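A.B. asks:
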Amino acid sequence: MNFLSFLFLISSKGGIKVNLVAQIQEEIKENLKTALVTAREKGKINFEIIPDFVVEVPREKQHGDFATNLAMLLPKQAKMPPREIAQAIVECFPETAYVNDVEIAGPGFINFRLNNSWLYQVIPQVIRQKEKYGTSNLGQGKKVQVEFVSANPTGLLHMGNARGAALGDSIANLLEEVGYDVTREFYINDAGNQIENFARSLEARYLQQLGQDVPFPDEGYHGEDLIETVKRFIEEEGDKYLNVDGKLRREMLVKYALDEKLTAIENVLRDFGVEYDVWFSEQSLHDSGEVQETIDILNERGYLYEQDGALWFKATEFGEEKDEVVVRSNGIPTYFAADIAYHRNKFERGFQWVINLWGADHHGHVSRMKGAMKALGYDSDRLQVVLMQLVRLFQGGEVLRMSKRTGKYITLSELVEEVGKDAARYFFVMRSPDSHLDFDLDLAKSQSQENPVYYVQYAHARICSILRQAAEEGIAVPAVDDVELTLLNTGEELELMRKLADFPEVVAGAAQALEPHRLTRYAHELAGQFHSFYTVCRVLGEDKALTEARLLLVQAVQIVLKNVLRLIGVSAPERM
RNA sequence: GCGCCUGUAGCUCAGCUGGAUAGAGCAACGGACUUCUAAUCCGUAGGUUGCAGGUUCGAAUCCUGCCAGGCGCGCCA
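Here the first sequence is numbered in this note's numbering, starting from 360 and rising by one per residue.
Structure follows, in structure tokens:
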């Protein structure tokens, strides 16, 4: 398909999903290969194989619209300096309708300058696809699971969980956007030692509330919220568990508290814009026998052995430093055993790609889990763990240690209340998961007006304002086919269209790399270019044709801003 | 001691899987509101990319060794 027929395809089949930038890069790439072969036929250069070259968008505008490193990859094969190779390629580069100028620059780059005809296809494409602009079918409907937050249900959600929630949800959004069948899942750690500890803490609070002088467990959960929970329990159940068997008492308390905590967690996350498809109970894996089943399979496959009364997994066979206990000498399976069963369950449910978001403090667990998946016979590459560095919280210039046991930490609901959902989510997504995050509460509060999220949202609000103004003046936004878009020819307008054209690639790249922070960068750049445009170009003016063209441009920007903000989980306000 | 992450402008961070003169936002300084929202725009200044080697046409990016910080290394989760 040549470029003109490609343009024809877009204009004739409006709704077709294509990526303009990628299409042009492909087109240039094909022409370069043709030029290379032609040059060889003419005896200008010599080579055996065409190297794996790239056609990319140069960082510097003066280096043209697209550039290739092709010539710099050939000197060894061709036994010629790169600039001479470039010269031969350029001489044989076919005539095309869209390339204005080809030049050789620097050490041997070939730079392409295009005429603007292709850019005018962007606005119709955006407006026709609306909220679908940016979507693609990279995922081909494959089932992918994103498991995130999965906080212990023994307390409230803290800043680390908040980061996981913002990142995990945006990753899930991205994967949906590029055509995966996404399941958002929360793993509930409702079994094991922590729950036992939780139970004893609740029991102590219960008895204390009923006037008994009992000590609080040293390693117990000191959070104030536990006392509140117990008070509510007493309101409903009174003191009827005062003089019963401790096991029953703890069981009832845990049941009540877990239910309350999970409901609270679900509500807080919903307020944060996150909704799960599946809440998966760890206890259910024990109840269903899947933990035992998984242990049996590992045993049959010869990856377990007994020592000191415990059952060990041969992690060292998968490159680990030491083996891991899966069943303690007291007969109780470890968390690791349950987690292996859980991941086996994920694969058995048919997920082709399993993504976990874990705090960096669990990084040691990653290769062990992958080893366990190999031991079970699964392709461990289908399991991908995104590690987030921990969040450090500052207040009054001091570090606040986050600890459930001391009960001293800022909760997600407090964060949403004080900083706001939009700012908080933008802030968390803005940083790469790899970066340690210093969250200064005072700054977040005091600087709320200067938060970059407002910069982006303001661009959206400004556009809404223009469209409102137009409506009041009785100016209708015209249909895309009725407008002369080539009137948009200032630098600001061309840049803006160019930025709109980049969006599908940004989404695809961010999804593939599981890096939602690319979205905030894009959003900020797009908003910035709009603000520049706004300052220089008046939309509602004397010239009717120009007004119409600009109305369509800002409408397209509005659509893309809304789309990118939706992926981050941030609202697009119509007024500010 | 071993493993993972990080080290880029005064501060917080980008840098698109090795490209050309390393970029934004805050903070600083100087300008721009009679006009669709000034939560904005334009400009100035700010750098030995932690340090030292190596790989090649080319390194913030890849390799090695140091230095500094964070996190792990349990019959906890």
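Glycine residues also receive a C-beta, built at the ideal position from the N, C-alpha and C atoms. Please read all numbers here as calculations on a predicted model, not as lab measurements.
My understanding is that residue 716 touches residue 523, with C-beta atoms under 8 Å, so please give their C-beta distance in whole angstroms.
C.D. replies: Correct: roughly 5 Å between the Cβ atoms.
A.B. asks: Touch check for the stretch 555–566 and the stretch 632–642: three-plus C-beta pairs under 8 Å?
C.D. replies: No contact exists between the stretch 555–566 and the stretch 632–642.
A.B. asks: If you draw a straight line from the alpha carbon of residue 875 to that of residue 791, how long is it in whole angstroms?
C.D. replies: Taking the straight line from one Cα to the other gives about 8 Å.
A.B. asks: Nearest by alpha-carbon distance to residue 399: which of 445, 388, 424, 420 is it?
C.D. replies: It is 445 whose Cα lies nearest to the Cα of residue 399.
A.B. asks: Rounded to the nearest angstrom, how far is the Cβ of residue 513 from that of residue 600, given a contact under 8 Å?
C.D. replies: Wrong, their Cβ atoms sit about 19 Å apart, outside the cutoff.
A.B. asks: Rounded C-beta distance between residue 531 and residue 543? I'm assuming under 8 Å.
C.D. replies: So it is a contact: roughly 5 Å between Cβ atoms.
A.B. asks: In or out: residue 866 buried (at least 16 other Cβ within 10 Å) or exposed?
C.D. replies: It counts as buried.
A.B. asks: For residue 390, which residues in the same chain have their Cβ closer than 7 Å to its Cβ, ignoring the five residues on either side in sequence?
C.D. replies: The residues are 452, 453, 455.
A.B. asks: With DSSP collapsed to three states, give me the class of residue 560.
C.D. replies: Correct three-state label for residue 560: helix.
A.B. asks: In angstroms with no decimal places, state the Cα-to-Cα distance between residue 764 and residue 578.
C.D. replies: Low local confidence applies: a pLDDT of 47 at residue 764 is under 50, so the model's placement there is unreliable, with the coordinate-based value given in what follows. In a straight line, the C-alpha of residue 764 is about 7 Å away from that of residue 578.
A.B. asks: Residue 496 to residue 379, Cα distance in whole Å?
C.D. replies: One C-alpha to the other measures close to 15 Å.
A.B. asks: When DSSP labels each residue in this structure, what does residue 636 get in the three-state scheme?
C.D. replies: Residue 636 falls in the coil class under three-state DSSP.
A.B. asks: Report the three-state DSSP secondary structure of residue 582 (helix, strand or coil).
C.D. replies: Note: residue 582 maps to coil in three-state DSSP.
A.B. asks: Got a sec? Which residues, its chain only, sit under 8 Å from residue 684 by beta carbon, not counting five neighbours each side?
C.D. replies: The answer, listed in chain order, is 669, 670, 671, 672, 693, 695.
A.B. asks: So, helix, strand or coil for residue 485, using DSSP?
C.D. replies: In the structure shown, residue 485 sits in a helix (DSSP, three-state: H, G or I).
A.B. asks: Should residue 906 be labelled buried (16 or more other beta-carbon atoms within 10 Å of its own) or exposed?
C.D. replies: Buried, because 16 or more other Cβ atoms sit within 10 Å of the Cβ of residue 906.
A.B. asks: Would you mind listing the beta strand (DSSP E) stretches within the stretch 531–556 that are 3+ residues and don't spill past its ends, in chain order?
C.D. replies: Complete beta strand (DSSP E) runs here, min 3: 540–547.
A.B. asks: Use the C-beta contact count for residue 640: other C-beta atoms within 10 angstroms, 16 or more gives buried, fewer gives exposed.
C.D. replies: Label assigned to residue 640: buried.
A.B. asks: Between the alpha carbons of residue 812 and residue 388, how many angstroms are there, rounded?
C.D. replies: Answer to the nearest angstrom: the Cα atoms are 38 Å apart.
A.B. asks: For a test of the three-state rule: what should DSSP assign to residue 742, helix, strand or coil?
C.D. replies: Looking at residue 742 - three-state DSSP - the assignment turns out to be strand.
A.B. asks: Name, in chain order, the residues that DSSP records as bridge partners for residue 472.
C.D. replies: 460.
A.B. asks: For the alpha helix (DSSP H) that contains residue 804, what are its first and last residues?
C.D. replies: Residue 804 -> alpha helix (DSSP H) spans 800–805.
A.B. asks: With a cut-off of 8 Å, do at least 3 Cβ pairs link the stretch 734–750 to the stretch 701–709?
C.D. replies: Yes: at least three Cβ pairs fall under 8 Å.
A.B. asks: Going by the DSSP bridge assignment, what does residue 715 pair with across the sheet?
C.D. replies: DSSP output for residue 715 lists 506, 744 as bridge partner(s).
A.B. asks: Out of curiosity, what's the CA-to-CA distance linking residue 469 and residue 401?
C.D. replies: The straight-line gap from Cα to Cα measures roughly 20 Å.
A.B. asks: Please classify residue 810 as buried or exposed, where buried requires at least 16 other C-beta atoms within 10 Å of its C-beta.
C.D. replies: It is buried - the Cβ of residue 810 has at least 16 other Cβ atoms within 10 Å.
A.B. asks: For residue 430 versus residue 467, is the C-beta distance shorter than 7 Å?
C.D. replies: Taking 7 Å as the Cβ cut-off, residue 430 and residue 467 qualify as a contacting pair.
A.B. asks: Just the Cα atoms here: how many angstroms apart are residue 826 and residue 861?
C.D. replies: Cα-Cα distance, rounded: 24 Å.
A.B. asks: Going straight from the alpha carbon of residue 583 to that of residue 758, what length do you get?
C.D. replies: Distance between the alpha carbons of residue 583 and residue 758 is about 21 Å.
A.B. asks: Using DSSP with H/G/I as helix, E/B as strand and the rest coil, what is residue 513?
C.D. replies: Coil.
A.B. asks: Does DSSP classify residue 817 as helix, strand or coil?
C.D. replies: Reduced to three states, the DSSP call for residue 817 is helix.
A.B. asks: Got a sec, what are the start and stop residues for the alpha helix (DSSP H) residue 393 sits in?
C.D. replies: Looking at the DSSP string, the run of the alpha helix (DSSP H) that includes residue 393 is 379–400.
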